[in-house]
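Let me begin by presenting the structure, written as structure tokens, before commenting on it.
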Amino acid sequence: MEDATQRFKIEGMTCSSCAFHAEKALQKIDGVKAAFVDSWHKGRAELVSKGGHVPISEIEQALAEAGYQYAEIDPNELEEPISNGSISTLLLIVLMLIGFGLIAFVFLNNRQSLPLNIGNVDVNAQVSAEGSILPVISTNNAPDDMSFSSNGEAPLVNAVGEVHIPDPDKAVTVVLAGLAGCSTCGVEAQYLSNILDDYGSQNLRIVFVDVYNWSGSDNLAWFANVLDATNLTWAVDTTDTFRDTYAVDVDSTLIMNREGNILYRDNFITEEATLREQIDLALQQSG
1 MEDATQRFKI
11 EGMTCSSCAF
21 HAEKALQKID
31 GVKAAFVDSW
41 HKGRAELVSK
51 GGHVPISEIE
61 QALAEAGYQY
71 AEIDPNELEE
81 PISNGSISTL
91 LLIVLMLIGF
101 GLIAFVFLNN
111 RQSLPLNIGN
121 VDVNAQVSAE
131 GSILPVISTN
141 NAPDDMSFSS
151 NGEAPLVNAV
161 GEVHIPDPDK
171 AVTVVLAGLA
181 GCSTCGVEAQ
191 YLSNILDDYG
201 SQNLRIVFVD
211 VYNWSGSDNL
221 AWFANVLDAT
231 NLTWAVDTTD
241 TFRDTYAVDV
251 DSTLIMNREG
261 NILYRDNFIT
271 EEATLREQID
281 LALQQSG
């Protein structure tokens with residue numbers, strides 16, 4: 001039997017992360033092979049299922065449990081393409097170009113401060129380091145595009161709070177070091193966003209740290225929304241303290257317990273399966 005496709009609208013979404021959560025809710029319906037939500041403001045969704053259409057009552061229930069409502073789609077929109085919120089090929093290329101430029105800039109301007117002799121993978125290292133406190137930005141009201149200032153002044157960081165690394169209130173803290181616009185950082189941030197959505201935040205804190213702050217909090221908020229990863233904590237290393245303390249750079253990943261013991265680290269983009277495996281182990285070890 002051929003796959004069946006259904007299109008409809010979702011009401012009640014107010015931000016980019018809403019589209020991500022609605023999509024995840026739809027994907028959990030029995031018989032669904034794929035679900036796509038184009039954006040929170042358009043609210044259009046497409047469901048692909050095996051063995052026939054999913055009953056509307058099941059779609060309504062799944063959306064209601066996630067906090068949203070089902071609605072019929074305008075017939076004029078039935079033929080318009082719908083794509084999901086993951087990084088598209090075109091966006092990935094754009095982010096790669098932006099990221100390469102940003103990374104080249106910060107590397108050329110910070111050569112003396114780059115970490116040396118970082119091992120590729122260090123599992124169960126049990127290395128402890130003094131913690132850091134970093135300013136946290138809001139991902140709400142993000143700009144539609146990245147923008148850059150050439151006035152030579154330090155980028156503006158509008159902090160709405162702070163985060164402790166590691167978080168003493170969570171069993172495990174995961175930190176991804178990166179910078180706004182970095183394509184590889186973006187892919188891993190999406191992996192971590194998926195993981196946090198599945199695991200919940202009761203025992204787990206996942207933080208994206210902009211370790212160079214070359215473009216300010218507005219661009220970092222834009223990046224978080226483009227990735228639909230606003231469920232992560234987005235922080236900025238404004239004084240280089242975190243980068244120097246932990247000897248990290250772009251794409252470094254740290255998994256640590258609340259005592260500050262580093263249970264896993266690497267210095268490259270990490271596959272989602274590896275992240276899940278190591279976070280599972282860390283949560284088990286941390287009780």
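The opening residue of the sequence shown carries number 1 in the working numbering; numbering runs sequentially from there. We put the CB at the ideal spot given by N, CA and C, even for glycine.
With H, G and I counted as helix, E and B as strand and the rest as coil, what does DSSP make of Q6? The sequence position of residue 6 within the sequence shown is 6, counting from 1. Here Q6 sits in strand by DSSP.
Would you mind sorting H289 into buried or exposed? The rule is 16 or more other CB atoms within 10 Å of its CB. This structure gives no information on residue 289, because the portion of the chain shown stretches from 1 to 287.
Along the chain, where does the beta strand (DSSP E) containing W234 start, and where does it finish? Translated into positions along the sequence shown, residue 234 becomes position 234. First-last of the beta strand (DSSP E) with W234: 233-236.
For S341, collect the residues of the same chain with a Cβ closer than 6 Å to its Cβ; drop the 5 residues on either side in sequence, then sort them by chain order. Nothing about residue 341 can be read from this structure; the chain reaches only from 1 to 287.
Taking the beta strand (DSSP E) that Y264 belongs to, which residues open and close that run? The residue given as residue 264 occupies position 264 in the sequence shown. Per DSSP, Y264 belongs to the beta strand (DSSP E) from 261-266.
So what's K33 in DSSP terms, helix, strand or just coil? Your numbering for residue 33 matches position 33 in the sequence shown. Three-state result, K33: strand.
Apply the 10 Å Cβ neighbour rule to P115 and answer buried if 16 or more other Cβ atoms are within range, or exposed otherwise. Taking the first residue of the sequence shown as position 1, residue 115 is located at position 115. Here P115 scores only 38 on pLDDT, less than 50, and its place in the model should not be relied on; the value that follows carries that caveat. By the neighbour-count rule (16 or more Cβ atoms within 10 Å), P115 is not buried but exposed.
Mind checking whether Y199 and L283 have CB atoms under 9 Å apart? As a first step, residue 199 must be located in the sequence shown, where it is residue number 199. As a first step, residue 283 must be located in the sequence shown, where it is residue number 283. Going by C-beta atoms, Y199 is nearer than 9 Å to L283.
By how many angstroms is the C-alpha of T274 removed from the C-alpha of V127? If you number the sequence shown from 1, residue 127 lands on position 127. If you number the sequence shown from 1, residue 274 lands on position 274. At V127 the pLDDT is 48, less than 50, meaning the model places this residue with poor confidence; the figure from the coordinates comes in the next sentence. Put simply, the backbone Cα of V127 is about 20 Å away from that of T274.
Taking the alpha carbon of V136 as the point to measure from, which residue in D244, I255, A224, G12 has its own alpha carbon closest? Here residue 136 refers to the residue found at position 136 of the sequence shown. Checking every option, the nearest Cα to that of V136 belongs to A224.
Measuring alpha carbon to alpha carbon, tell me which of G12, E23, K24, V32 ends up nearest T5. Translated into the one-based positions of the sequence shown, residue 5 becomes position 5. If we check each option's Cα against that of T5, V32 comes out closest.
Along the chain, where does the alpha helix (DSSP H) that runs through L179 open and close? One-based indexing of the sequence shown puts residue 179 at position 179. No alpha helix (DSSP H) contains L179, which DSSP labels as neither H nor E.
Which of the three DSSP states is assigned to D197 in this structure? Working through the sequence shown from its first residue, we reach residue 197 at position 197. Three-state DSSP puts D197 in a helix.
Bounding residues of the beta strand (DSSP E) (the contiguous stretch that carries T253): Start at 1 with the first residue of the sequence shown, and residue 253 comes out as number 253. 253-257 is the extent of the beta strand (DSSP E) around T253.
Is G161 helix, strand or coil by DSSP? Indexing the sequence shown from 1 puts residue 161 at position 161. Strand at G161.
Helix, strand or coil: how does DSSP classify A45 here? As a working mapping, residue 45 is identified with position 45 in the sequence shown. If DSSP states are grouped into helix, strand and coil, A45 belongs with the strands.
Nearest-angstrom Cα distance between V187 and E72? Numbered from 1 along the sequence shown, position 187 holds the residue referred to as residue 187. Numbered from 1 along the sequence shown, position 72 holds the residue referred to as residue 72. Roughly 33 Å between the two C-alpha positions.
Can you grab the Cα-Cα spacing for the pair A19 / W234, in whole Å? Here residue 19 refers to the residue found at position 19 of the sequence shown. Here residue 234 refers to the residue found at position 234 of the sequence shown. Those two C-alpha atoms are separated by around 19 Å.
Out of curiosity, what's the CA-to-CA distance linking L220 and E2? For the purposes of this step, residue 220 is taken as residue 220 along the sequence shown, with counting starting at 1. For the purposes of this step, residue 2 is taken as residue 2 along the sequence shown, with counting starting at 1. For L220 and E2, the distance between alpha carbons rounds to 43 Å.
Excluding the 5 residues flanking D167 on each side, which residues of the same chain have their C-beta closer than 6 Å to its C-beta? Along the sequence shown, read from residue 1 onward, the residue named residue 167 stands at position 167. Hits under 6 Å: T173, R205.
Along the chain, where does the alpha helix (DSSP H) that runs through S138 open and close? Start at 1 with the first residue of the sequence shown, and residue 138 comes out as number 138. Premise fails: S138 is in no alpha helix (DSSP H) and is neither H nor E.
Can you find the residues in the same chain that come closer than 6 Å, C-beta to C-beta, to L74, ignoring five residues on each side of it along the sequence? The residue given as residue 74 occupies position 74 in the sequence shown. The residue you asked about is not Leu; residue 74 is Asp in the sequence shown. There are no such residues.
To the nearest angstrom, report how far apart T184 and Y212 are at their CA atoms. For the purposes of this step, residue 184 is taken as the residue at position 184 of the sequence shown. For the purposes of this step, residue 212 is taken as the residue at position 212 of the sequence shown. Their Cα atoms are separated by approximately 16 Å.
Which first and last residues belong to the alpha helix (DSSP H) in which I279 is found? To locate residue 279, count along the sequence shown from 1; it is residue 279. 272-286 is the span of the alpha helix (DSSP H), which, as asked, contains I279.
Would you kindly report the start and end of the unbroken beta strand (DSSP E) that includes A71? Your numbering for residue 71 matches position 71 in the sequence shown. 69-71 is the span of the beta strand (DSSP E), which, as asked, contains A71.
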